[in-house]
Structures are given as C-alpha cells and as structure tokens.
Amino acid sequence: MARSSSTTLPASSADPGLNEAATRIIHKLLHRFDGSLALRLWNDVTHSFGQRVGQMAPTFTLVLRDPKVLRDLVLKRGPIPLADAYFQGRLDVEGDLYAALGLKSHFQSLDLSGRERASLLLDALRLAFTPSRKIAPASHVPTTRQFNHDHSLESDRAAISHHYDVSNDFYKLFLDERMVYSCAYFHAADDTLEAAQCQKLDHICRKLRLQPGERFLDIGCGWGALVMWAARHYRVTAHGITLSQAQLDEANKRIAAEGLEDRITVELRDYRALEGEGVYDKVSSVGMFEHVGLANLPQYHATVHRVLKPNGLFLNHGITHEEDGWKPSVDTEFINRYVFPDGELDRVSAIQAGMEQARFEIQDVENLRGHYARTLRHWVSRLEANHDEATLHVSESTYRVWRLYMAASALEFESGGTGIYQILASRRPATRSYAQPVPLTRRDLYDR
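Mapped onto my numbering, the consecutive letters of the sequence shown carry residue numbers 17 to 464.
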C-alpha cells in the first residue's frame, strides 16, 4: 500500500497555504513511487513517500530549495525540470543518485486521472505566484547550445568544443591517467580503471593486427592515448585528428613527454578534410562516430574507405541506440541540450549496413555494453570523490551536469536502452580475389 509520512515544523515557520499546496502536489506525484524516498522542503519539512515506506529506509532524499521546482514539474512534466533545477542548485540529491534517477521511469509511467491533473494544475498555479528564492550552490548554469543537426564543419567544431574544451584539469579528475574518454575493457570485475583502459587500448591494437612500420590513423584521437599506445607497443607510425584545441594541446604535451614525436603526429582536422587515397594501413574511430550525424554517415564511411589501403582494417567503436533509432525523447533532449550538442545515435544493424554499402566487409562485431556501464560508474565515483577540486576548474553546475549525465548513462547501458559496439571491417579491393584480411579465428586476440 502506498504511504507517506512527514515531520513538520511549527506553522509559523512557513506559509501554511503554500505548504498545503506543495504537500498535495508531491503526494499526487510521488506516493506511487516504487521504492522509498524522502523529500525535504525549503522550510525543512520532510516527507517520506513510496510503496515501501515503513519497509525500508529512504535510499535518497530530494532537497527542494525553491517552491517553483514543483510548479515546473507539474507544468512541464517529466524529469527535465528536475534536472534543470538540480543544475541550478534549486534541487539537491542526498544519498543514492542512481536510485534517484529511477524517478525518470516513474514520471514517464505516471497515470493521473483528469481530476488529479486539474487539482495539480491549480496548486501549481498557486506556487507560480510565490517569489523565487535566492539560491547559492550553483550560481553559474552551463550554457546550453541549440544546434540544427546540419553537421557543417563549423557546427561540428562548435559542438565538440562545447563538450571537450571544458577543462583538461577537470577531465583528469575522473579519467584514468592516460585520459581515455571512452569505454574501458574489463578482464575481471575488480580490474582498476587504469588496467581496464590499458586493456581496451591493447584490445583495439590487437583487433587491428597492427604491425611495425604500418601507418595508423585515429579519427577523433582525444588526448592521444591510443596513438601513443600503438606507437610505443606496436611500433607503428601514427596520426591522430581532433576538433578540440584543448585535446590537441594536451596530446602534443604527452607525446613530447614520452619522446614519441618521431612516430606520432596529431592535428586539428575534420575527418572530411582528410586527403589522399590508400594512405593508411589501419584506421580507428573510438567514441567519435556519435558526433558524425546520421545524414553524414555515408560520407564518413566513404572517407574512411578512401584513405584506407585495399584490404586494410577499420575499427569503429561507437555508441548505439538499441530500440527505434535516434528520435526526439527525454533522453535525446537532455543529451543535446547539456552534453553532446548535435549527437545522434543509430542501431548497430544500420551502421553495419552503411559500412557494407561503402564497400567494407564486416569481419567482427563485439558488444561492450556491460563494460561501458562499469566504466561510467568508475567515472562517477571518481568525480564525486574529487568534487571540491572539480569546482576549482568548472562551475558547480557543470560538475552537476557531468555527474548526472554519467550516472544516467550508466543506467541506460545497464538496462540495454543504449549499446556500444566495436565493428571491425576491411576495405574491399577492386578485385573479388583477395587475401583473408584477418586470421581464421580470434585466438590471436586473447593469446598472451
């Protein structure tokens, strides 16, 4: 049976009418929550809600610092108003953030009668006329970018800068020491993040069957971890491209510190500006595919095909959407507004079909969904542990955006709503008679 309880303060501590309206709103919205949560109002009145009140302690507490959070929740519906309020410091989450994110599915499935909706609207209008409260914790709200998905050179450069040029020092607080900002590869559940990222870098190099002296291109090279690993451990000549000036600067510093300038070059370049044909023996794209745009995928595949030598290998490591492709939703609105402007995901089947249309032969496909969920939980834990230092480099709001988006993403990967795949393909040469581009089995990937 749904229950609610509250611990109240004297009536003089707050406007009784305002409290009554707020209490009615939160009761209608939260009493059917599948779990147990606490909600503390701006006047320190605390309510407990959920189907399991009395059976278990609340797993998290929502702290409302402004009555208008409830107004926005009623008038705008869904979890986006709560996310906005959290970024602005008008709402806090104490306790288990992952459990709190269960409110997303709760609000999406909430079924209210017409009478309940009318009552909610009346109470929300009462809250609309209350003065906004001054909030201190997150005075700077991250700039939201509105993009039109045209994926022009200028638009893509701005979108990448929006996400990756935040602060190198900020990323260092939650990434591994090599600054690998993509899914790690865990051999065991208790692997450290550092070990798992090294394993991922080596796994990619092994899949590409890199050989000494080969020319290797990494599209979207980030801070240079993969090109450095490939050059040092596989003796290739590596070239990386990125659209982020901050990443380029850091990558050049790291390459120089390792004494690898003679085998690695990195530059600020869009993949569409790559020149030549049959230039590289092997090509990788790790965590960059999501920024290409669905309409641009044919050009993307054609460009990789052009710069790759016949029979050469191409590894595409990218996030996918597992249901109906990339359509407007709460998830896509949040991602495009705050995190990856102009990001678009496709189904793995559509990606493979596009690669085949570009005359690639699919050699291997691996699902890394469980690995990314674990990676994201590592990142969230590290970021939370470094909160104070993080807010020396970015605003409190930016910290909250990254914390929430990574935690929500972990749950999406765990639920299967989002996937991630490594697709290994080879460039078909002009003639149908050609050598086998990879060994007959995967044994060489795992033999040590």
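Cβ atoms here follow ideal geometry from the backbone N, Cα and C, with glycine treated the same way.
Beyond the five residues adjoining it in sequence on each side, His394 comes within less than 7 Å, by CB distance, of Leu209 in the same chain, given in chain order.
Taking a C-beta distance under 8 Å as the contact criterion, Thr77 and Glu110 qualify as a contact pair. Around the Cβ of Gln438, a 10 Å sphere holds 16 or more other Cβ atoms; the residue is buried. Put simply, of Ala38, Leu45, Glu382 and Leu46 the residue whose alpha carbon is nearest the alpha carbon of Val61 is Ala38.
Judged by DSSP secondary structure, Glu283 falls within the beta strand (DSSP E) whose first and last residues are Ile280 to Leu284. A straight line joining the alpha-carbon of Leu141 with that of Glu132 spans about 14 Å. Between Tyr201 and His219, the CB-CB gap stays under 8 Å. In this structure Gln368 does not touch Leu440 by the C-beta definition: roughly 11 Å separates them, more than the 8 Å allowed. A distance of 8 Å or more separates the beta carbons of Ile235 and Tyr296.
Counting every other CB atom within 10 Å of its CB across the protein chains shown gives Met244 a total of 16 or more, marking it as buried.
If you check the CB distance, Ala424 and Leu98 do not come in under 8 Å.
Bounds of any alpha helix (DSSP H) do not take in Val299; it lies within the beta strand (DSSP E) bounded by Tyr296 to Val302.
Ranked by Cα distance from Asn59, the first of Ser52, His47 and Leu34 is Leu34. When rounded, the separation of the alpha-carbon atoms in Gln104 and Leu456 is 55 Å.
Taking the Cα of Leu226 as reference, the smallest distance to any Cα among Glu293, Ser300, Ala204 and Asn268 is reached at Ser300. With at least 16 other beta carbons inside 10 angstroms of its own, Thr391 counts as buried. Between the C-alpha atoms of Gly432 and Arg385 there is a straight-line separation of about 8 Å.
Ala401 and Ala272 have their C-alpha atoms spaced approximately 30 Å apart. By the neighbour-count definition (other C-beta atoms within 10 Å, threshold 16), Met371 is a buried residue. If you look at Ile378, you'll find it isn't in any alpha helix (DSSP H); it sits in the beta strand (DSSP E) that goes Phe376 to Asn383. The beta-carbon separation of Val85 and Leu107, rounded to 5 Å, stays under the 8 Å limit for a contact. Closest in C-alpha terms to Tyr450, from the list Asn327, Tyr462 and Arg458, comes Asn327. Secondary structure note for Ser64: its beta strand (DSSP E) is the uninterrupted segment Thr62 to Gly66.
Here the C-alpha atom of His403 lies approximately 10 Å from the C-alpha atom of Phe190. For Arg56, the closest alpha carbon among the candidates Phe49, Phe65 and Arg48 is that of Phe65. Annotation for Ser425: the continuous alpha helix (DSSP H) segment containing it runs Glu412 to Ser431. Taking a 10 Å sphere around the C-beta of Glu428, we find 16 or more other C-beta atoms and assign the residue as buried.
For the options Phe376, Tyr250, His203 and Ala254, the alpha carbon positioned closest to that of Arg448 is the one of Phe376. In this structure, Gly240 sits away from Arg279, with a CB-CB distance that is not shorter than 8 Å. Inter-residue distance for Ala289 and Thr258 is about 12 Å (C-alpha atoms, whole angstroms).
Apart from the 5 residues on each side of it in sequence, Cys221 sits with its Cβ closer than 6 Å to the Cβ of Ala246 and Tyr250 in its chain, given in chain order.
In the structure shown, Ser397 falls within a helical segment according to DSSP collapsed to helix, strand and coil. Per DSSP, Tyr437 is not a residue of any alpha helix (DSSP H); the beta strand (DSSP E) it occupies stretches across Thr434 to Arg443. Of the candidates Ala389, Gln124, Val182 and Arg248, Gln124 places its Cα closest to the Cα of Lys92. Its chain contains Ile235 and Gly236 as the residues whose beta carbon lies nearer than 7 Å to that of Met304, once the 5 sequence neighbours on both sides are disregarded; these appear in chain order. Sorting Val302, Gly292, Val417 and Lys298 by C-alpha distance to the C-alpha of Asn352 places Val417 at the top.
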